[in-house]
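For reference, the structure discussed in these notes is given below.
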Amino acid sequence: MKHTSVSTIILSVVVQEEICLQVIDWRLIVEKHGPAVWQTAYRLLGNRADAADCFQETFICALKVSRRQRVRSFPALLTRLATVRAIDKLRQRFRRAQVCADAVDLAIVPGANPGPAQQAQTRELAVRLREALGQLPPQEAEVFCLRYLNDMSYRQIAKELGIRTNAAGVRLHRARAKLRELLKTVVVKEEK
Numbered sequence: 013m014k015h016t017s018v019s020t021i022i023l024s025v026v027v028q029e030e031i032c033l034q035v036i037d038w039r040l041i042v043e044k045h046g047p048a049v050w051q052t053a054y055r056l057l058g059n060r061a062d063a064a065d066c067f068q069e070t071f072i073c074a075l076k077v078s079r080r081q082r083v084r085s086f087p088a089l090l091t092r093l094a095t096v097r098a099i100d101k102l103r104q105r106f107r108r109a110q111v112c113a114d115a116v117d118l119a120i121v122p123g124a125n126p127g128p129a130q131q132a133q134t135r136e137l138a139v140r141l142r143e144a145l146g147q148l149p150p151q152e153a154e155v156f157c158l159r160y161l162n163d164m165s166y167r168q169i170a171k172e173l174g175i176r177t178n179a180a181g182v183r184l185h186r187a188r189a190k191l192r193e194l195l196k197t198v199v200v201k202e203e204k
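Note that the working numbering has the sequence shown beginning at 13, numbered continuously upward.
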């Protein structure tokens, strides 16, 4: 399933909201920013069904936000909403202990041809990272995702979250420390 087919689903929901279409061209918003929302959701969640749900929830929530207040930056709003929605889904997964075994790698190195053992190991690490992200406090998980999945600087993170740059750094440091502890068993296994 590509993000464009999911865009069609969300557009059918948004088209019913005539008042917003007079002010905001939702078709353009989805076409322009949908790929980034899809990428954020898919990279965090690792499966298409959850990413599609997250994608749709993100745009529905953006619609609701745009009704209540003026949106200054749709890319920032959509990235944040997608990240928060994806983290919520990870938390739900963790609570129910239903982690998907067919998770996709969080990062793919271009030109690399890892063997089957390394691919399996990378998938396992990606699953464990998703589980660990689901255990972090929401603010720390959000900063971690914005930094490492969306390649945002501390300053960009601080601006998007409405916090000081130092606070973004502290949250990121705490997230890394907690993830390091949670993933320690995976690293020990890999070294053996």
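Each residue gets a CB set at the ideal place from its N, CA and C atoms; glycine is no exception.
Q: Would you mind stating whether G146 and R103 have Cβ atoms separated by less than 8 Å?
A: yes
Q: Please determine, among L89, Q81, R79 and N178, the residue with the shortest C-alpha to C-alpha distance to H45.
A: L89
Q) Relative to the alpha-carbon of T52, which residue among R186, V96, R39 and R188 has its alpha-carbon at the smallest distance? A) V96
Q: Check whether the Cβ of A48 sits closer than 7 Å to any heavy atom of the ligand SAH, and report yes or no.
A: Because no ligand of any kind appears in the structure shown, any question about the ligand SAH cannot be addressed here.
Q) Per DSSP, what kind of secondary structure is I175 in: helix, strand or coil? A) coil
**Q.** Buried versus exposed call for E69 [16 or more other C-beta atoms within 10 Å across all chains shown]
**A.** buried
Q) Roughly how many angstroms lie between the CA atoms of W50 and R92, to the nearest whole one? A) 12 Å
Q.
In this structure, how does DSSP classify V182 when only helix, strand and coil are distinguished?
A. helix
**Q.** Secondary structure of P149, DSSP reduced to three states
**A.** coil
Q: Starting from R39, follow the alpha helix (DSSP H) in both directions and report where the run begins and ends.
A: W38 to L57
Q. Around the Cβ of L148, are there at least 16 other Cβ atoms within 10 angstroms (buried) or fewer (exposed)?
A. buried
**Q.** Boundaries (first-last residue) of the alpha helix (DSSP H) holding R80
**A.** R60 to R80
Q.
Please tell me whether E152 and R186 are closer than 8 Å, where the distance is taken between their beta carbons.
A. yes
Q.
Does A195 come out as helix, strand or coil in the three-state DSSP assignment?
A. Per the sequence presented here, residue 195 reads as Leu, with Ala not at that position. Three-state DSSP puts L195 in coil, outside helix and strand.
(Q) Let's test the definition: count the other Cβ atoms within 10 Å of the Cβ of E43 and tell me whether it reaches 16, buried, or not, exposed. (A) exposed
Q: Starting from the Cα of L173, find the closest Cα among K190, V155, N162 and L161 and give me that residue.
A: V155
Q. Which of the three DSSP states, helix, strand or coil, is assigned to V83?
A. coil
Q: Report back the beta-carbon spacing between C66 and A48 to the nearest angstrom; my notes put them in contact at under 8 Å.
A: In fact, because the Cβ distance is near 13 Å, the residues do not count as touching under 8 Å.
(Q) My assumption, with CB atoms under 8 Å, is that L56 sits in contact with L161. Please give the rounded CB distance. (A) 7 Å
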